[in-house]
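Going line by line, the protein sequences match chains A and B. For what it's worth, full-length UniProt numbering labels the leading residue of the first sequence as 1, then goes sequentially. For what it's worth, full-length UniProt numbering labels the leading residue of the second sequence as 1, then goes sequentially. The structure appears right after this line, and notes come after that.
Protein chains: 2
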Amino acid sequence: MAPDRRRMIVEAATKSFSLFGYKATTMDQVAKLANVGKGTIYTFFKNKEELFEEIISSLVKEMIAEADSVINPELPFTENVHRALYRLLEFRSRHQLMIKLVQEEAEMGTLAVSEMLQHVEDEIIGYLKEKIETAIAKGAIPAVNSEITSFLLLKMYIALVSDWEKNHDPLSSEQIAEIMKVFLLKGLPKGT
Amino acid sequence: MAPDRRRMIVEAATKSFSLFGYKATTMDQVAKLANVGKGTIYTFFKNKEELFEEIISSLVKEMIAEADSVINPELPFTENVHRALYRLLEFRSRHQLMIKLVQEEAEMGTLAVSEMLQHVEDEIIGYLKEKIETAIAKGAIPAVNSEITSFLLLKMYIALVSDWEKNHDPLSSEQIAEIMKVFLLKGLPKGT
DNA sequence: TCATTGACTAATTTGGTTCTACGGTCAATT
DNA sequence: AATTGACCGTAGAACCAAATTAGTCAATGA
Numbered sequence: 001m002a003p004d005r006r007r008m009i010v011e012a013a014t015k016s017f018s019l020f021g022y023k024a025t026t027m028d029q030v031a032k033l034a035n036v037g038k039g040t041i042y043t044f045f046k047n048k049e050e051l052f053e054e055i056i057s058s059l060v061k062e063m064i065a066e067a068d069s070v071i072n073p074e075l076p077f078t079e080n081v082h083r084a085l086y087r088l089l090e091f092r093s094r095h096q097l098m099i100k101l102v103q104e105e106a107e108m109g110t111l112a113v114s115e116m117l118q119h120v121e122d123e124i125i126g127y128l129k130e131k132i133e134t135a136i137a138k139g140a141i142p143a144v145n146s147e148i149t150s151f152l153l154l155k156m157y158i159a160l161v162s163d164w165e166k167n168h169d170p171l172s173s174e175q176i177a178e179i180m181k182v183f184l185l186k187g188l189p190k191g192t
Numbered sequence: 001m002a003p004d005r006r007r008m009i010v011e012a013a014t015k016s017f018s019l020f021g022y023k024a025t026t027m028d029q030v031a032k033l034a035n036v037g038k039g040t041i042y043t044f045f046k047n048k049e050e051l052f053e054e055i056i057s058s059l060v061k062e063m064i065a066e067a068d069s070v071i072n073p074e075l076p077f078t079e080n081v082h083r084a085l086y087r088l089l090e091f092r093s094r095h096q097l098m099i100k101l102v103q104e105e106a107e108m109g110t111l112a113v114s115e116m117l118q119h120v121e122d123e124i125i126g127y128l129k130e131k132i133e134t135a136i137a138k139g140a141i142p143a144v145n146s147e148i149t150s151f152l153l154l155k156m157y158i159a160l161v162s163d164w165e166k167n168h169d170p171l172s173s174e175q176i177a178e179i180m181k182v183f184l185l186k187g188l189p190k191g192t
């Protein structure tokens with residue numbers, strides 16, 4: 001016995017956050033689920049928020065791995081952007097913890113949750129930014145401002161994948177790819 | 001005397017909504033500001049919300065007129081899109097009533113206010129959609145889905161003008177025009 | 001000796017109640 | 001007929017006691 005207590009705690013907390021959200025998860029609950037005394041949690045984590053941070057950190061790593069897995073260096077840059085972003089947003093909208101956190105932010109506005117989701121967004125933008133800078137260095141795309149461009153790309157995807165659904169039928173992956181191709185690849189004007 | 005009571009009421013309500021927001025404006029307050037009995041308001045408007053609707057309706061008309069005023073048929077389509085959208089968002093971000101309503105939605109989530117702002121957004125998208133369809137008919141741009149495209153264009157502008165400011169220094173008009181040009185005009189890939 | 005524990009505390013949240021002030025009505029007034 | 005403001009029912013603000021929670025630390029035992 002004496003299995004890795006730290007791991008037990010993180011697993012229990014992840015399960016509880018996913019099921020009940022951040023606020024509704026109590027430290028007593030986590031301790032019980034993890035089969036440790038409550039004090040033990042505080043030997044590994046300064047407080048509830050730090051425990052949360054560690055879990056989100058893993059989540060981000062998972063997301064980046066997901067995105068990387070669909071990137072294919074032989075494909076054109078814009079195709080990879082689309083694949084990576086689409087995978088990231090799909091992950092976000094299917095992952096139980098993410099669903100719960102987005103929901104909690106919307107209906108309770110928990111501060112710690114808002115901060116974490118902002119952090120996740122920043123990480124995604126950072127990831128994109130890196131890819132864009134590589135593409136610029138390779139001469140694949142013009143020397144745009146990588147920070148603003150990645151920010152805008154993410155916003156465009158969220159608009160198409162999430163915002164659109166609030167008032168319309170969801171768009172298929174193909175439709176989204178089609179729209180993005182117009183903007184990313186060709187620009188609007190015909191001929192010129 | 002006996003000046004247009006209806007006009008007095010609308011003016012008083014507009015002033016009060018702009019100053020205090022929708023919820024914090026009471027019908028007693030509007031009546032006092034307009035120098036009429038409260039009952040009089042209800043001879044012109046079914047209820048508070050209908051009074052609000054009339055005011056928002058005028059606001060939208062004002063916005064459309066603003067946008068039209070900067071459109072120049074001799075300029076290329078994308079330039080006009082940029083000018084119109086920029087003017088619309090500038091109007092939105094300078095107009096006292098709009099500022100107050102956006103603020104009220106963010107910090108109090110007043111339902112009637114959310115609905116009105118959604119309505120304003122729909123009107124703007126409708127306006128854009130019309131312009132896009134004309135451009136398609138003229139062969140100036142490819143036959144994209146005008147609904148989705150106008151939706152996405154608006155979201156891109158809001159991202160650059162408003163969302164960006166939440167975590168960064170505001171972008172200048174020139175910077176925004178520059179970014180949009182990349183997406184609207186050329187698309188990202190260099191050479192192809 | 002030192003990791004682990006859970007009873008404990010201060011702080012926050014909840015749930016139940018009261019009461020204020022609001023939107024809307026309508027009999028009285030002009 | 002048009003206008004008014006006193007009046008009504010009620011949504012939600014304000015209040016408070018009770019319950020719950022995050023975090024601590026003296027006691028425990030391996």
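From the three backbone atoms N, C-alpha and C, an ideal C-beta is built for every residue, glycine too.
DSSP, read as helix, strand or coil, puts I141/B in coil. Taking all protein chains shown into account, L88/A has 16 or more neighbouring C-beta atoms within 10 Å of its C-beta and is therefore buried. Neighbours of I179/A in chain B, taken as residues at a C-beta separation under 9 Å, are given in chain order as V144, N145, I148, T149, L152. Contact between I55/B and A112/B does not hold, since their C-beta atoms are separated by about 12 Å, which reaches or exceeds 8 Å.
Rounded to the nearest angstrom, the gap between the Cα atoms of V144/B and M156/A is 16 Å. For N47/B, there is no enclosing alpha helix (DSSP H), since its DSSP letter is neither H nor E. When Cβ-Cβ separations below 8 Å define contact, K23/B makes no contact with chain A. Nearest neighbour of T149/B by Cα position, chosen from L184/B, V70/B, V36/B, turns out to be L184/B.
Its chain contains R83, A84, R87 as the residues whose beta carbon lies nearer than 7 Å to that of V70/A, once the 5 sequence neighbours on both sides are disregarded; these appear in chain order.
DSSP places D122/B in the helix class (H, G or I) of the three-state scheme. The DSSP assignment places 27–34, 38–44, 48–70 as complete runs of the alpha helix (DSSP H) inside the stretch 6–74 of chain A, in order along the chain (cut-off: 4 residues). Under a 10 Å Cβ-count criterion, E104/B is classified as buried, with 16 or more other Cβ atoms of the shown protein chains found around its own Cβ. No residue range can be given for H95/A, since it is assigned to no alpha helix (DSSP H) and is classified by DSSP as neither H nor E. By the neighbour-count definition (other C-beta atoms within 10 Å, threshold 16), T26/A is an exposed residue. When Cβ-Cβ separations below 8 Å define contact, K129/A makes no contact with chain B. Residues of the stretch 153–167 of chain A with a C-beta less than 7 Å from any C-beta of chain B: K155, M156, A159, L160, D163, W164, listed in chain order. Counting only residues of its own chain and dropping the five nearest sequence neighbours on each side, L97/B has a CB closer than 8 Å to the CB of T14, F17, S18, I55, L59. V30/A has a beta carbon lying at 8 Å or more from every beta carbon in chain B. Excluding the 5 residues flanking it on each side, G21/B has same chain C-beta neighbours closer than 6 Å at K100, E104, in chain order. Distance between Y127/A and S173/A, taken at the CA atoms: about 22 Å. Exposed is the label assigned to L75/B, since fewer than 16 other Cβ atoms lie within 10 Å of its Cβ.
For T78/B, the secondary structure class from DSSP, reduced to helix, strand or coil, is helix. Exclusion of the five residues before and after N80/B leaves I71 as the residues of its chain whose Cβ lies within less than 6 Å of its Cβ. Cβ-Cβ separation between R6/A and F44/A: approximately 5 Å, consistent with a contact (criterion under 8 Å).
Straight across, the Cα-Cα distance linking G139/B with I132/B is about 10 Å. Think of a sphere of 8 Å around the beta carbon of F45/B: no beta carbon from chain A falls inside it, the nearest being about 27 Å out. For T149/A, the uninterrupted alpha helix (DSSP H) run begins and ends at 146–161, by DSSP.
Linking A159/B to L152/A through their CA atoms gives a straight-line distance of about 7 Å. Put simply, of A67/B, M8/B, F77/B, N35/B the residue whose alpha carbon is nearest the alpha carbon of I141/B is F77/B.
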